[in-house]
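**Q** First the structure, which I've put down as structure tokens, then a few questions once you've had a look.
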Amino acid sequence: MKSALITVTSDGQGIIESLSMTERLGTEHNLDKKSVLHLRLLAEELFGMLRGIAGDVEASYWIEAEDKKFELHMKSDVDMSLGMRDQFLSASSSGKNEAAKGFMGKLRVMIANMLLSSDEPMPYAMIDAMSTYSMAGISGDAVSVWSLSYYVDEIQRRMNEAKEAEEVWDELEKSIVANIADDIKVTIKGKNVEIVLFKSFN
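Position 20 of the sequence shown, counted from 1, bears residue number 13 in the numbering used here, the numbering being contiguous throughout.
See below:
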């Protein structure tokens, strides 16, 4: 079952309506109060990604649900203007990039980097959890797919090798979304970004 599409924006439009729909859908699928709250928290974290992107960004939000399995989708065409690019690069170059703090911040920086085709260094191990393949015959655009499950595996693999891996693991353990979601997938094709949060409730 696929819900209605709601347009959400980086200045907050559509978010209250989207959160209401998320809670209502959880209740309709017989989730208990705690599970409905978890579903809402995931949606809130997803919308937090929008707020971290400079400029006016508009995205489509919808939910796909079957029994007690949920997928929260947010899809957007992000036009990175030169002003947005300069703002992003100057912030990250100066080391004052507050956006890169925490797990969701790192995810946001990775997405911005990919959209900008930037040479800026990626947050630790983020790029290693991404696979890129060519969609030859369709449009020729390369498609990049990042997954939380691969990222977790990558960090665990490096735990005994690098102190940075321990710090990143600590961030993951403190992250609401990394603790609640079963997986996160980010797909980037050209300027199109889709983020999907997966959650199954017993």
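Using N, Cα and C, we set each Cβ at its ideal position, and we do this for glycine too. Here the structure is a predicted model, which is why all the values come from computation and not from measurement.
(1) Drop a sphere of 10 angstroms on the beta-carbon of N106, count the other beta-carbons inside from all chains shown, and report buried for 16 or more, exposed for fewer.
(2) With respect to the beta strand (DSSP E) encompassing F194, which residues constitute its N-terminal and C-terminal limits?
(3) Less than 7 Å between the beta carbons of V71 and L108, yes or no?
(4) Sorted by chain position, which residues of the same chain lie with C-beta nearer than 6 Å to S28's C-beta, five sequence neighbours on each side aside?
(5) Touching or not, the stretch 161 to 168 and the stretch 96 to 104, by the rule of three or more beta carbon pairs under 8 Å?
(6) Counting pairs of beta carbons, one from the stretch 180 to 187 and one from the stretch 56 to 65, are three or more of them closer than 8 Å?
(7) Between which two residues does the alpha helix (DSSP H) holding M115 run?
(8) So, for T15: in the same chain, excluding its five sequence neighbours on each side, which residues have a beta-carbon less than 6 Å away from its beta-carbon?
(9) Give me whichever residues DSSP pairs with E187 in a beta bridge.
(10) Within 10 angstroms of the Cβ of L12, are there 16 or more other Cβ atoms? Answer buried if so, exposed if not.
(11) Closest to V179 by CA distance: which of K156, L165, H66 is it?
(12) Confirm, please, whether the CB-CB distance from S3 to R44 is below 7 Å.
(13) State yes or no: is the C-beta of S142 within less than 7 Å of the C-beta of T125?
**A** In brief:
(1) buried
(2) Note, F194: premise wrong, no beta strand (DSSP E); not H, not E.
(3) yes
(4) F194
(5) yes
(6) Between the stretch 180 to 187 and the stretch 56 to 65 there are fewer than three C-beta pairs closer than 8 Å, too few to call the two in contact.
(7) Where M115 is concerned, there is no enclosing alpha helix (DSSP H), given that its DSSP letter is neither H nor E.
(8) The answer, listed in chain order, is L32, R33, A36.
(9) K68, T180
(10) L12 counts as buried, since at least 16 other C-beta atoms from the protein chains shown sit within 10 angstroms of its C-beta.
(11) H66
(12) Result yes, Cβ atoms of R44 and S3 sit closer than 7 Å.
(13) Judged by their CB atoms, S142 and T125 are not nearer to each other than the 7 Å cut-off.
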